[in-house]
Amino acid sequence: AQFRRSQQQLIDELQQTRVAAELSSRAQADFLANWGYDVRTQLNALLGHTQLLQMDTAPDAKNQPHIKEIAESGQVLARLVSQLLDRIGAGDIQATGRPNSGLAVDSGLQQDFRILVVEDHPANQMLLRMQLTVLGFAADICNDGAAALVKWQTENYDLILADRHLPVIDGLELARSIRHIERDTGKHIPIIAITTLQYADGLALCQGAGMDDVLPKPITLEALRVILERWLPRIQTDLATLDIAYLLNAIGEADTEHALGFVDLFISTTRHQLPECHSHLAKADGHALALVMHKLKSSARIVGALGFADLAARLETIANAGRLDEVQMYLSALENNLQAVAIAARHLKAQPIESPPVSPLPAASITSDTLLAGIRLGEFEVYFQPKLAAKTLCVVGVEALARWRQDGKPVSPAIFIATAEQQGIIGPLSEILLTKALIGGIRLAEAGYPLPVTINLHAAWLSNAHFPQFLQASILAFGFKAENLYLEITEADISKDMATVLSVMTRLRLQGFKLSIKDFGTDFLASMQLPRLPVNELKLDRSFVRAAAETTSAKAQMAAILAIAKTLNLATVAEGIESQADLDLVRGLGCTAVQGWFTAGEMPEEQLLAWLKGR
38 AQFRRSQQQL IDELQQTRVA AELSSRAQAD FLANWGYDVR TQLNALLGHT
88 QLLQMDTAPD AKNQPHIKEI AESGQVLARL VSQLLDRIGA GDIQATGRPN
138 SGLAVDSGLQ QDFRILVVED HPANQMLLRM QLTVLGFAAD ICNDGAAALV
188 KWQTENYDLI LADRHLPVID GLELARSIRH IERDTGKHIP IIAITTLQYA
238 DGLALCQGAG MDDVLPKPIT LEALRVILER WLPRIQTDLA TLDIAYLLNA
288 IGEADTEHAL GFVDLFISTT RHQLPECHSH LAKADGHALA LVMHKLKSSA
338 RIVGALGFAD LAARLETIAN AGRLDEVQMY LSALENNLQA VAIAARHLKA
388 QPIESPPVSP LPAASITSDT LLAGIRLGEF EVYFQPKLAA KTLCVVGVEA
438 LARWRQDGKP VSPAIFIATA EQQGIIGPLS EILLTKALIG GIRLAEAGYP
488 LPVTINLHAA WLSNAHFPQF LQASILAFGF KAENLYLEIT EADISKDMAT
538 VLSVMTRLRL QGFKLSIKDF GTDFLASMQL PRLPVNELKL DRSFVRAAAE
588 TTSAKAQMAA ILAIAKTLNL ATVAEGIESQ ADLDLVRGLG CTAVQGWFTA
638 GEMPEEQLLA WLKGR
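If you want the numbering used here, it's the position in the sequence shown, counting the first as 1, plus 37.
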């Protein structure tokens with residue numbers, strides 16, 4: 038009876054929320070998303086052609102096509118702005134530019150997911166449908182496992198929520214059947230069991246049948262949100278896994294190596310404290326567990342592990358409320374997040390040593406205002422580092438690297454990119470840098486050096502279904518060929534959300550772009566998935582090259598990866614080549630290209646042109 042009352046109360050609350058949600062249509066969110074990308078594409082075209090005009094000293098006649106492009110793009114931009122003003126005037130959109138809604142739901146992301154709910158109880162069906170609607174997801178409902186199996190085989194879903202006890206085919210048998218079919222496809226859909234068992238007991242039983250996780254009854258909105266955040270990572274909040282700029286601001290210095298020492302201390306301390314949390318849970322001591330979470334939350338915030346801090350804060354609240362049946366789920370999420378923090382720290386330690394020195398100004402001085410001012414004043418630049426064939430040392434391409442001099446002083450990319458992510462302006466900054474990289478590639482080709490250009494792809498773009506369309510529009514605006522653009526994706530970003538990243542990568546490849554995995558050799562998961570990835574090139578991480586030069590085991594691992602790459606017909610690039618010994622090592626193992634200060638450092642465009650002419 039108590040369960041039914043709590044369920045009915047939640048249903049009533051969801052009904053009220055649903056009424057508020059219906060006041061805003063998804064068409065409004067779609068309009069804003071599409072409008073934003075259209076505007077940015079036109080702005081990129083204006084920026085690119087304006088810069089070409091400023092840099093070109095040729096007669097006016099040569100500039101006429103660029104002037105025409107500026108005029109046409111300006112007209113399109115004016116029409117787009119008029120459309121927005123018309124919508125605002127009609128009352129469809131609030132003055133803030135956000136759709137009217139009573140929900141804090143990112144419908145621009147969640148609406149891309151489809152969830153299959155397998156549940157035979159009508160009240161539970163209605164409850165789950167409304168909860169998913171509140172969180173911004175579309176859901177299909179099946180009454181039994183047999184119908185669900187057919188529906189899964191004929192339609193595309195991103196996740197399955199299935200009750201353990203179902204007619205015809207129960208939830209466990211459904212999971213076994215799906216896993217058996219998946220063996221021949223290489224795919225893996227997350228399957229979450231809905232069960233009345235305690236988390237630990239239910240998890241062991243359901244994982245044995247091939248399920249990934251369990252969602253205990255009665256289902257709370259917060260517990261459902263946690264499950265979806267874990268198994269559909271693209272919907273996670275914007276809290277960074279490891280925000281190094283946050284830590285640098287906190288300790289008042291710009292020494293990244295020193296700051297990462299604090300991160301290492303946090304990781305090791307937390308790894309020792311998490312088993313203590315499991316002990317408190319076994320004793321049903323919610324108060325002791327909440328105290329540990331309070332300490333971990335504070336420590337995580339200090340070092341910039343903001344995602345971990347957010348999870349710890351939620352777990353503290355749950356433990357204080359005595360909702361111990363949900364604790365194990367959160368502890369698993371914390372352990373996964375801690376591993377992500379460790380991976381992020383490892384990648385930061387492997388930053389190239391040729392990065393410019395950190396600005397003597399305190400990191401706290403790098404704010405959204407200073408970043409926006411830098412964009413407005415044109416302070417951000419793109420330098421180019423040549424990529425050379427390992428055997429002949431002929432130039433086969435260039436990599437575009439972001440650089441910034443604030444008031445004439447160089448600022449580390451690790452700081453300004455992290456700050457841009459934290460302040461929510463990484464999108465505009467990335468688009469400016471992409472524009473400058475494309476312009477540089479065009480000018481190199483005009484000077485007689487039509488080299489492929491490599492750009493680093495920001496992680497957020499991998500989760501954005503609009504990005505392939507935006508990139509295609511950008512290269513069309515500049516007349517750049519897709520096959521001459523390599524898009525570098527960090528290996529760790531692939532592992533975060535394999536299904537989503539594969540979808541975006543496949544679309545980019547179909548459009549003709551080349552794909553490269555950066556920092557390869559640092560993440561075992563992505564290495565195992567290599568045959569599935571639609572890539573053209575692997576870039577071996579600098580730390581991997583260092584290790585191969587020092588230990589036989591790392592050298593053997595590199596040799597194995599290069600052999601697999603050769604079998605898959607993939608090009609390979611070794612980064613961080615700083616000596617003849619490094620060059621001889623990777624040549625001997627069969628690497629096809631190299632980058633590093635020993636062969637060629639990073640240069641501004643004018644210096645690169647002089648270097649190319651000198652060869």
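Each residue gets a CB set at the ideal place from its N, CA and C atoms; glycine is no exception.
Residue i, buried or exposed, once every other Cβ within 10 Å from all chains shown has been counted against 16
i, result
"Glu520", "exposed"
"Ala132", "Confidence at Ala132 is low in this model, with a pLDDT of 35, below 50, so the placement of that residue is unreliable and no value is reported for it."
"Arg267", "buried"
"Val187", "exposed"
"Arg135", "Here Arg135 scores only 32 on pLDDT, less than 50, and its place in the model is too uncertain to base an answer on."
"Thr222", "exposed"
"Cys17", "Since the first residue of the chain shown is 38 and the last is 652, residue 17 is not available in this structure."
"Ser553", "buried"
"Arg220", "exposed"
"Arg201", "buried"
"Lys334", "buried"
"Thr306", "exposed"
"Leu172", "buried"
"Ala593", "exposed"
"Pro312", "exposed"
"Ala426", "exposed"
"Gln376", "exposed"
Own chain residues within Cβ distance below 7 angstroms of residue i, not counting five before or after
i, result
"Glu639", "Glu391, Tyr420, Phe421, Gln422, Leu438"
"Ala611", "Leu577, Val582, Val623, Cys628, Val631"
"Glu642", "Phe421, Gly477, Arg480"
"Leu361", "Leu318, Ala321, Gly323"
"Arg351", "Tyr367"
Helix, strand or coil at residue i according to DSSP, with G and I counted as helix
i, result
"Ser305", "helix"
"Gln190", "helix"
"Ala427", "coil"
"Thr274", "Confidence at Thr274 is low in this model, with a pLDDT of 40, below 50, so its placement is unreliable and no value can be given for it."
"Tyr523", "strand"
"Gln244", "helix"
"Lys650", "helix"
"Leu414", "coil"
"Ala358", "coil"
"Gln632", "coil"
"Asp444", "coil"
"Asp621", "helix"
"Asp406", "helix"
"Ile228", "strand"
"Val541", "helix"
"Ile197", "strand"
"Glu574", "strand"
Cβ-based neighbour list, residue i, same chain, cut-off 8 angstroms, excluding 5 preceding and 5 following
i, result
"Trp648", "Pro423, Ala637, Met640"
"Gln460", "Thr404, Ser405, Leu408"
"Ala379", "Ile304"
"Ile218", "Gln190"
"Leu169", "Ile152, Val154, Ala175, Ala176, Leu261"
"Arg652", "Val432"
"Arg442", "Glu416, Glu418, Val448"
Cut-off 6 angstroms between Cβ atoms - residues of its own chain near residue i, not counting five sequence neighbours on either side
i, result
"Leu620", "Ile614"
"Cys243", "Ala230, Val251"
"His317", "Ala325, Leu326"
"Phe550", "Ala519, Leu522, Leu524"
"Thr233", "Lys254"
"Glu418", "Arg440"
"Ala596", "Leu626"
"Thr543", "Pro571"
Sheet register partners of residue i (DSSP bridge)
i, result
"Tyr420", "Leu438"
"Asn493", "Glu525"
"Pro487", "In the DSSP output, where bridge partners are listed per residue, Pro487 has none listed."
"Asp177", "Leu153"
"Leu343", "Leu343 pairs with nothing; no bridge assigned."
"Met163", "Bridge partners of Met163: none, in fact."
"Glu210", "Glu210 is not bridged to any residue."
- prompt: Is it true that the segment 215–229 meets the segment 190–201, where meeting means three or more beta-carbon pairs spaced less than 8 angstroms apart?
  reply: yes
message: Taking contact to mean 3 or more Cβ pairs, one atom from each stretch, closer than 8 angstroms, check whether the segment 174–188 and the segment 152–162 are in contact.
response: yes
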